[in-house]
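Quick note on the working numbering: the sequence shown kicks off at 2 and runs consecutively.
Beta carbons are placed, not taken as given, at the ideal position from N, Cα and C, and that holds for glycine.
Taking it in order: structure first as structure tokens, then the write-up.
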Amino acid sequence: MSDPTRESAFALLQAVLTKNTSLDAALDALPPLDSRDRAAAHRLAACVLRHSGTLDAVLEPFLLRQPPVPVRHILLLGAAAFLLLGAPAHAAVGTAVDLARTKKLAPFAGLVNAVLRKVVAAGPAALEGLDMPRLDTPAWAWASWGQNARAIATAHAAEAPLDVSAKPGFTLEGGTPLPTGSMRFPPGTSVVELPGFSTGDIWVQDAAATLPARLLAPLPGERVLDLCAAPGGKTAQLAAAGALVTAVERDPARMGTLKGNLARLGLDVECILADAATWRPAQKFSAILLDAPCSATGTIRRHPDLLHLRKPRDVQSLTQAQDTLLDAAAQMLAPGGRLIHAVCSLQPEEGEARIDAACARLGLRRAPFSMPELPEALTPRGDVRTHPGMWPQHGGLDGFFIARLVHATASGTRDDDIVECSSPPCMLGELGPAFSGGGG
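Put into structure tokens, the structure is as follows:
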């Protein structure tokens, strides 16, 4: 018997693990599906991607040899459904066997049945003694996260909550207020069903992702440049704070998403389709936000496919692009101005190392932050470094690195002249996929 949830989850796994397709793109490519089945398929596939190392360890004692890849994926789905998502034993086994037959893998249906029955017989004890955070994290990533690796990997084991920000003057209720001003709702909450979404008063944004635009602290009427702007959340923050924003985005499709999101919010922004690495304005800006393309390892708890898609070589190529963008941003920064560089990455090569290199070659210097509402995120050098293991009492937050740069020779500007926004009304959020169906 065909089961739309299992079939769709299988298709999602195949796309991510054999075709290197992002989970979001694979989800968009699914045939039309009931919304509940679609959500269930996504949850099951994401669970497997999040815990594939643990599930492999569970299955290994019951396999004499490795089965074909599609069969392995079916076993992973069945084991995850029973052990991690609470599916009844008969449903976890039966749907997996049916899936094998549906996918023309009938010769392996008996294997699927036998192995999953052994998993069911073992029960939760199959997970005892397993170091799940370590098993579920690629070795290269674990090594790169240093002393925070276990806290980060432990946080990745749980689904991320939904963080929502509201426009100034709009009161959102029903969630848990966070110290930084966001409102947090349980995982699986649909933002489109919350009051204020249809009127453009609220949007999805992890608490950490609100920080870059907030720390830029734009003044009303100030000209602000937002580089690599799509999908437009940080652009919206800046505009809602009263800044005169110029948003640069090089990808036409993402520019469409940016414009659509800004239109929904009713915010007026100058949008320029151009490559930020080569585009130059007629007049320099006193405030620039560069949210650079990165490995996005800080968002793994929301995008567990990154555990499988990202490789160490990706980080090296991305750092080169980040250096190019920092060079460009420095050329567009007016004397006495400030530049915020941000990446949603946990990798030190994309964070501190990029700022050290930029200061050495561009005549820039760090302007350290103060952030009393999140002091644990401040580094000894005054940058901001968040990671999912922070705020365990609140449910964690995404990983970001944020630094503020000014001209080393700028006259008339001292660190204590730089305005810092620390009140909740400045937490205006970042647009996400739930806004318009777009990614990014």
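Output the boundary residues of the beta strand (DSSP E) element that contains residue i.
i, result
"His-342", "334–344"
"Ile-203", "203–205"
"Leu-216", "Note, Leu-216: premise wrong, no beta strand (DSSP E); alpha helix (DSSP H) at 212–217."
"Asp-4", "Premise fails: Asp-4 is in no beta strand (DSSP E) and is neither H nor E."
"Val-385", "385–387"
"His-408", "401–408"
"Leu-274", "271–274"
Compute the Euclidean distance between the alpha carbons of residue i and residue j, then round it to the nearest angstrom.
i, j, result
"Glu-377", "Phe-370", "12 Å"
"His-91", "Ala-101", "15 Å"
"Asp-57", "Leu-86", "16 Å"
"Ala-218", "His-342", "13 Å"
"Ala-208", "Thr-387", "10 Å"
"Asp-315", "Thr-298", "11 Å"
"Gln-148", "Gly-390", "11 Å"
"Leu-173", "Leu-163", "13 Å"
"Thr-270", "Leu-228", "The question names Thr, but residue 270 is Val in the sequence shown. Answer to the nearest angstrom: the Cα atoms are 13 Å apart."
"Asp-417", "Ala-368", "Caution applies to Asp-417, whose pLDDT of 43 falls short of 50 and renders its modelled position unreliable; the model cannot decide the point."
"Leu-106", "Val-72", "7 Å"
"Pro-5", "Leu-34", "8 Å"
"Arg-251", "Arg-37", "35 Å"
"Ala-241", "Phe-63", "57 Å"
"Ala-81", "Pro-178", "32 Å"
"Glu-223", "Thr-247", "11 Å"
"Pro-32", "Arg-39", "10 Å"
"Leu-290", "Val-116", "53 Å"
"Thr-380", "Met-372", "11 Å"
"Ala-237", "Thr-138", "34 Å"
"Ala-46", "Arg-118", "21 Å"
"Arg-51", "Ala-140", "15 Å"
"Leu-319", "Cys-295", "6 Å"
"Pro-180", "Thr-155", "22 Å"
"Val-249", "Asp-292", "11 Å"
"Ala-214", "Trp-143", "29 Å"
"Pro-253", "Gly-111", "50 Å"
"Pro-393", "Thr-211", "18 Å"
"Ser-3", "Ala-42", "14 Å"
"Ala-277", "Gly-364", "20 Å"
"Val-192", "Arg-362", "44 Å"
"Arg-7", "Lys-104", "11 Å"
"Ala-161", "Phe-401", "15 Å"
"Gln-321", "Ser-145", "18 Å"
"Ser-199", "Arg-382", "42 Å"
"Ala-330", "Asp-29", "34 Å"
"Ala-10", "Ala-150", "29 Å"
"Val-94", "Leu-78", "10 Å"
"Val-98", "Lys-312", "33 Å"
What span of residues does the alpha helix (DSSP H) with residue i cover, start to end?
i, result
"Arg-44", "36–51"
"Val-113", "110–123"
"Arg-355", "353–363"
"Val-94", "90–103"
"Thr-258", "253–266"
"Val-246", "From DSSP, Val-246 is part of no alpha helix (DSSP H) but of the beta strand (DSSP E) over 245–250."
"Leu-78", "70–84"
"Met-372", "Note, Met-372: premise wrong, no alpha helix (DSSP H); not H, not E."
"Met-133", "133–136"
"Leu-24", "24–29"
"Trp-143", "140–145"
Just to check my reading of the structure: residue i and residue j have Cβ atoms closer than 8 Å, yes? What is that Cβ distance to the nearest angstrom?
i, j, result
"Val-344", "Glu-351", "5 Å"
"Val-121", "Leu-76", "Not quite, the Cβ-Cβ distance comes to about 12 Å (not below 8 Å), so this is no contact."
"Arg-1", "His-157", "A question about residue 1 goes unanswered here, because the residues of the chain that appear run from 2 up to 441."
"Leu-406", "Arg-366", "7 Å"
"Leu-14", "Val-49", "6 Å"
"His-395", "Leu-24", "25 Å between Cβ atoms; not a contact."
"Phe-186", "Gly-176", "5 Å"
"Leu-1", "Ile-403", "A question about residue 1 goes unanswered here, because the residues of the chain that appear run from 2 up to 441."
"Leu-263", "Gly-233", "6 Å"
Is residue i a contact residue of the ligand NAD, with contact defined as CB to any heavy atom under 7 Å?
i, result
"Glu-353", "With respect to the ligand NAD, the structure offers nothing, as it holds no ligand at all."
message = List, from N- to C-terminal side, the beta strand (DSSP E) runs of 3 residues or more that fit wholly inside the region 286–325.
response = Correct list: 286–292.
ask   = How do the region 245–263 and the region 292–311 stand: do at least 3 beta-carbon pairs fall below 8 Å, yes or no?
value = Here the region 245–263 does not lie against the region 292–311, with fewer than 3 beta-carbon pairs under 8 Å apart.
message = My parser needs the alpha helix (DSSP H) runs of 4 or more residues fully inside the region 153–241; what are they?
response = Taking only runs of at least 4 residues, the alpha helix (DSSP H) segments lying wholly in the region 153–241 are 212–217, 234–241.
request  = Taking 8 Å as the threshold, find out whether the region 285–296 comes into contact with the region 330–337 through three or more Cβ pairs.
outcome  = Cβ pair count under 8 Å is three or more, so yes.
task = Mind the definition here: the region 120–136 touches the region 164–171 only if three or more C-beta pairs lie below 8 Å; say whether that holds.
result = no
query = Okay, do the region 14–21 and the region 64–78 touch, 3+ Cβ pairs below 8 Å being the bar?
reply = Yes: the two stretches touch, three or more of their Cβ pairs being nearer than 8 Å.
query = Looking at C-beta atoms only, is the number of pairs between the region 263–277 and the region 129–140 that lie closer than 8 Å three or more?
reply = no
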